[in-house]
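These notes concern the structure reproduced below.
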Amino acid sequence: MSMKTMSEAELRERTRALLAEVHPDKVDRTTFRRAQFDHGLAWVRFPEGHGGLGLTANLQQIVNDEIRKNAKTFYEDMAINPIGIGMGGPVVLTHGTEEMKKRLLRPLFTGEEIWCQLFSEPGAGSDVAGLSTRAVRDGDDWIVNGQKVWTTLAHLSKWGMLVARTNPDVPKHEGMSYFLLDMQSPGVEVRPLYQITGEAEFNEIFMTDVRIPGDRILGHEGDGWKVAITTLMNERTSLGGGGGSRGSGPIATLLRLWKNREKAAFTQASEAVMRDRITQLHIECELLRLTGMRAKAGLRSGIPGPEGSVGKLAMAEINKRLWECSLDVMGSSSLLYEAGYELKRPELHGRASRVEEHAKYQFLRSRANSIEGGTSEVMRNILGERVLGLPGEPRVDKNVPWKDIPRGV
Amino acid sequence: MSMKTMSEAELRERTRALLAEVHPDKVDRTTFRRAQFDHGLAWVRFPEGHGGLGLTANLQQIVNDEIRKNAKTFYEDMAINPIGIGMGGPVVLTHGTEEMKKRLLRPLFTGEEIWCQLFSEPGAGSDVAGLSTRAVRDGDDWIVNGQKVWTTLAHLSKWGMLVARTNPDVPKHEGMSYFLLDMQSPGVEVRPLYQITGEAEFNEIFMTDVRIPGDRILGHEGDGWKVAITTLMNERTSLGGGGGSRGSGPIATLLRLWKNREKAAFTQASEAVMRDRITQLHIECELLRLTGMRAKAGLRSGIPGPEGSVGKLAMAEINKRLWECSLDVMGSSSLLYEAGYELKRPELHGRASRVEEHAKYQFLRSRANSIEGGTSEVMRNILGERVLGLPGEPRVDKNVPWKDIPRGV
Amino acid sequence: MHFTFTEEHEELRRTVRRFLEQRSDEQAVRRAMETERGYDDDVWSQMAGQMGLQGLIVPAEHGGAGLGWVEMMVVLEEMGRSLLCAPYLSTAVLAAGALVEAGSEEARSEILPGIASGETIATLAFVDDGRGWDVADVQMQATKDGDGWKLSGVKNFVLDGHTADVILVVARGPDGLSLFRVDAGAAGLERALLPTLDLTRKLARVSFSSTPAKRVGASGDLTSQLRRVLDLAVVGLVAEQVGGAQRCLEMSTEYARTRLQFGRPIGSFQAIKHRCADMLVSVEFAKSAAYNAGFTAAEGDGDLASAAHIAKSYCSEAYFHAAADNIQIHGGMGFTWEHPAHLYFKRAKSSSVLFGDPMQHREQLAQSLGI
Amino acid sequence: MHFTFTEEHEELRRTVRRFLEQRSDEQAVRRAMETERGYDDDVWSQMAGQMGLQGLIVPAEHGGAGLGWVEMMVVLEEMGRSLLCAPYLSTAVLAAGALVEAGSEEARSEILPGIASGETIATLAFVDDGRGWDVADVQMQATKDGDGWKLSGVKNFVLDGHTADVILVVARGPDGLSLFRVDAGAAGLERALLPTLDLTRKLARVSFSSTPAKRVGASGDLTSQLRRVLDLAVVGLVAEQVGGAQRCLEMSTEYARTRLQFGRPIGSFQAIKHRCADMLVSVEFAKSAAYNAGFTAAEGDGDLASAAHIAKSYCSEAYFHAAADNIQIHGGMGFTWEHPAHLYFKRAKSSSVLFGDPMQHREQLAQSLGI
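Protein chains in written order, with numbering that gives the first Met the number 0: chain A, 0 to 408; chain U, 0 to 408; chain H, 0 to 370; chain Z, 0 to 370.
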């Protein structure tokens, strides 16, 4: 039987066979996910032997639906190993050696080995390709020195996807290589990076004379940017709006706050002004959702429109305004921040707090929406250049050896 | 008596002496303004013999006050010969020969000879220095070919301040020269340029083999940009906000429209939303006015602040929003445009129309505010670079012969 | 909601666009807008004859194509894009829509075939002079006069009211709101072309003075049916707005790619590039809003009123900003009479007001959502 | 209105700035904000001893400098710039202002000297729990108790209410609104530090339970005097906002000049450059608004209430946007705890709410202008 033509019914059957063999409600996570991987039901689009069946990606939905239908326990990939499953898996599949695939994909899927991404640096934010972390050959190995930042999950990770500069004498995009860094290697230091909220979702990584074996390179020496792009493309598709039902998500919180508002704090006039503002936000949130749906419909029918990239930009900008509005709805009580600013790691499964506290947290947290995963400025460049076909700016950093490009902190 | 130290009282006396000799209520404009010029009271800051007395510029106010006090007739420079008096006079004074000053300043002041400015071209808008009009030597004369645009008053003018390219083989700022063009010369064609309103405030100028005598150059050959900058600096100071009393100007029109609004067209809620929007505009108009006052206070006390350049940008952007709001206040009747769009020259002394029609005209006209006299984009560059000291962009048109710079329509 | 246009829809779009590129290019628009009638008879006939556009939503039994609101949306998006000057919104959307949704069987048989064939210009007169866009605001009375009815009063902002052969008038009869037919040339009928801000859409003021009329509405009070007619007209208008906004985005982008200043295309400057990007975002949102309203209208089981409020509020502002930004990006050129940017700008502003402005639609939305 | 700062004003500005650069740098701000008291005693003493800042508007006869609101504005602009953590707005503006404008002669002699010398921390408790920022909203009653008075109820959002030695309470007596003095340690007085969004300004909730108080207001109903006190407090607050906004603009500009990406300073990109330019425009407008309010307060013959409404509405939004844009321009760095950008952002948001938010001030302005 050709795998490419496996019918939905056959796939369903195969899933039920898995469940008959190991049931997630009865075994632990690792046991179940190992079996799921071995049955080729981890990612059906992956090849056989690597957790998949060589089918089209959308068929994964069949598997997941079938598991959900027949078990109370369902493991969300994004909760188990978001960066590993979202980006690490695809990049290993595309650029890794056969040995790497054998060694890495299974524990990645089960969550036994958490992954993180080591691209951004203090001196290379929007200009990721300008990065300075150096990897120098030492026999068969590489010795790495440098600093990375904005690394989620680094403190829990086994593997880091590291891009480092291996040749400073060529233009910046050409002199990087892509490594798999064992985060337990000597010389790797992980420090929490506290944010405006007092929480540390991210880490700074300091690498001092860290040794990486020569066979832990993805792609070839000098291919780092190409491999990084594969990784980032998988990131982009996981961002952006859409999903959820009408009126759900942040707008629901705003409407709830509005419903709970201290009526005495508003005059009839200020209530009308606020209502118009909230209604505008309601409309924009609804259109963000519908635009996400259009993007997905576009993908399904094979016409990828600009709606996807539009979502990331729009969501960031709408979110900030929405949470600003939430504070204005709360009036004087927005002077208070009941949660306090204790410097700590975020709770893993979110916080169960009053809606008011949630909104205040989001008010602060949302300021990063237009920075993380590509600033709104970078998104506008992408939309202008790649979607609308407008010309790029004159570049002072093209065709120049990386070492000769002006660089600051 | 040293003119530099002439007291205010003496200046007042001198003005009264002028009025005793020729009184504006009794003679025609030319007669009076000629006498005013000859008494050195045209521009007291100009040298003796050229319409002035070599005093500081602010003393002109004394002269004007004294004339206003003693005569019903007062000629506003800006109504008589705005470009000539605002820019032509100063540029002739700074860069003209003695003969030019003798020949040009008096009829310029009296309004016998109207002036216009020939800088902008269809292909050189924000990039004025990229202009293409060519002037080629022919014996002692110059032969000019090219097209200019956005020229107010050209159809009434005797003199045009023309910047043309005399050397295309050097970088763009270095290859221009500044000419005085007799607008009655053969080969000069003036065509009205109709705007969004149907009116033609501006002209297009087509120059075909126009001959300019060699002695009609201001500054030296190749100095054109330097001389043009002198002209433009005099333009900038005449733009920007300030002036007027609290609540006067466009905001007064908006408030009047609001007062006259069709009450039935608004619910209590929509009235509140509108009121908040109008109040915001009221605040911004008041702050535009106050910022203009601060700029003037700054100039008086010798500390030129950024407030002046701020005014041009802010006024343009506020104006557009203000007239948009005016139309929203008028509701459904903003579907109509009672004035119609007959293609014509604007009435010289404005239109006496109902406030509603005025607002609709301004709604259309104000779209140009963020384009004319420097686009808002250019103003933000100026504020960013010259006031805040931010670095310029990489330039592809510096140190390159003008003829090698990419150029379109 | 799937939001997926079928291959038939795309073929319809291509056909209409090709036709309009030939028959409603900028010069044709300028010629038509300068006339009092406001359209070209020849183009109008071709629209009906070659393509059956006037009868798009007219049932097949009355000579129409019997298509729905998704197709109408596609057609109007193209018309908005080209600024077509024609009594289409009045005839094929408002009048045909009113008859389909609220007309008596007899009236449908009488009037719809002429609409579908392109012979009849028709319109819906609903705004009482000095009142708002909601049909519930209508106070005009129809009084019984023998077998027929008589109308007196003034209707304002009647689309193509000065040229319509058939005017369908919304007025109050003994059962409540209904629909009355007045024909061109009726006694006591006066029609005055209004001086419009937007020359590409003609509006008239229509006065009735004991004017004989025929009742053409279905029986009973038609308030809710007529509300739906106006919601459907909003669907049509927002589709037009989306087409216009998309065209402004394309004009801006094209100009930004080719206009050189300082030796570079102006679109390489972030000030221009990011303005275009923001325009793209809002045009895409406008499309989502309009398509959602159109598909809701077509499927008939969603909350059409809310979808229409959302779309009219958002698309109006998106089109206005796109048209205004288009002028700014074109610089001085965008501000001249000879450049088409101002035609879109004026259309955008007027469309924003027509059938209720964004704030009014938001207020109604807030009420219906209990915000 | 001349808007001209004299050489004396500029000298005062330089002196205060120099002092704050030394004693209220970022590290000092972070140290102070983490403490419960919220300020450094030593700095506070120097402010009084070396510079007489606490007594700035206190008349000379009570040990103060006897200066006016232009000087106060200059000082607060500098304090806002450095985010000084100190009970200055409470003590030197609200409490001193209340006594100067609405205090009895006896109370002024008793309390002002301690304020001027820096020995007394004082504040004004006016917002009733659950009510608004307008003094007319105050419902708390003062009841006669022998020679003195008793207070019961709760005041919210009391600046430095947890550390104040003297709390001036706005409450209603038999003649109307008046001022009552409650000292730290009084019976039935409870004070709770509130968990604030902005750690650099401490707020407390203060409860009174038959707490003995002394009447310190001038005779009669003091509503209009207390309104003026709050207008003056707004003048102080907007000056702070302007100082903070200007600092955000400088931080952004400095970073944009020096941060390199793609081989260029990020300030050479128009996206950043134009954002800074727009920030400059709004900071300049904010200065115009604040200075106008300050000079109006000082000259005493203008419409202070309107000037205060305009300033509070505009400066609040200008500061908030400057602080938000400052984060954006700093990118990821601007979002970290270790960078000061968030301190300004939180101060900006809180200052926007304190003494009434922009919309409330606009509504009051509209009422007074009859818009």
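Glycine included, each C-beta is placed from N, C-alpha and C at the ideal position.
Assigned secondary structure, residue i (DSSP; H/G/I helix, E/B strand, else coil)
| i | result |
| --- | --- |
| Y74 (chain A) | coil |
| R32 (chain U) | helix |
| L152 (chain U) | coil |
| V200 (chain H) | Contrary to the premise, residue 200 (chain H) reads as Arg rather than Val in this sequence. Note: R200 (chain H) maps to coil in three-state DSSP. |
| W148 (chain H) | strand |
| A317 (chain Z) | helix |
6 angstroms CB neighbourhood of residue i in its chain, flanking five on each side removed
| i | result |
| --- | --- |
| R178 (chain A) | Residue identity check: residue 178 (chain A) is Phe in the sequence provided, not Arg. Excluding sequence neighbours, F178 (chain A) sits near L161, I211, R215, I216. |
| E392 (chain A) | none |
| R260 (chain U) | V328 |
| Q361 (chain U) | W322 |
| L103 (chain U) | V91 |
| H338 (chain Z) | M332 |
Best match in the options for proximity to residue i [C-alpha to C-alpha]
| i | options | result |
| --- | --- | --- |
| I250 (chain A) | A:R44, A:R133, A:H281, A:Q59 | A:H281 |
| D164 (chain Z) | Z:H273, Z:V181, Z:L52, Z:L66 | Z:V181 |
| S119 (chain U) | U:T150, U:R67, U:M99 | U:T150 |
| P400 (chain U) | U:Y74, U:H38, U:R164 | U:R164 |
| D140 (chain A) | A:M99, A:D208, A:L286 | A:D208 |
| E9 (chain H) | H:Q53, H:V74, H:S44 | H:V74 |
| S151 (chain H) | H:R13, H:F207, H:Q138 | H:F207 |
| L196 (chain H) | U:L18, U:N368, U:E356, U:G297 | U:E356 |
| E189 (chain Z) | Z:V205, Z:A270, Z:F2 | Z:V205 |
| Q279 (chain A) | A:L254, A:A199, A:R44 | A:L254 |
| S371 (chain Z) | A:S332, A:E316, A:L342, A:R353 | Residue 371 (chain Z) lies beyond the stretch modelled for chain Z, which goes from 0 to 370, so this question has no answer here. |
| Q45 (chain Z) | Z:T14, Z:E298, Z:E249, Z:Q26 | Z:T14 |
Cβ separation of residue i and residue j, assumed to be a contact under 8 angstroms, to the nearest whole Å
| i | j | result |
| --- | --- | --- |
| G87 (chain U) | W158 (chain U) | 7 angstroms |
| W148 (chain H) | R214 (chain H) | 6 angstroms |
| T464 (chain U) | P23 (chain U) | Here chain U covers residues 0 to 408 and nothing more, so residue 464 (chain U) does not appear. |
Residues near residue i in its chain [Cβ-Cβ closer than 7 angstroms; skip 5 each side]
| i | result |
| --- | --- |
| A186 (chain H) | T210, P211 |
| S237 (chain A) | Because the pLDDT at S237 (chain A) is just 45, under 50, the model does not fix this residue reliably, and the value given afterwards should be weighed accordingly. These residues qualify, in order along the chain: G85. |
Spatial neighbours of residue i in its chain, beta-carbon cut-off 8 angstroms, leaving aside the 5 residues before and after
| i | result |
| --- | --- |
| E270 (chain A) | none |
Beta carbon of residue i nearer than 8 angstroms to that of residue j
| i | j | result |
| --- | --- | --- |
| A115 (chain Z) | H161 (chain Z) | no |
| R379 (chain U) | F334 (chain H) | no |
| K201 (chain Z) | D159 (chain Z) | yes |
| R11 (chain U) | I61 (chain U) | yes |
| R80 (chain Z) | Q245 (chain Z) | yes |
| L289 (chain U) | G310 (chain U) | no |
| I328 (chain H) | Y254 (chain H) | yes |
| Q116 (chain A) | I79 (chain A) | no |
| L17 (chain U) | Q35 (chain U) | yes |
| G407 (chain U) | L259 (chain H) | yes |
| T132 (chain A) | M182 (chain A) | no |
| A121 (chain Z) | A141 (chain Z) | no |
| K272 (chain H) | G383 (chain A) | yes |
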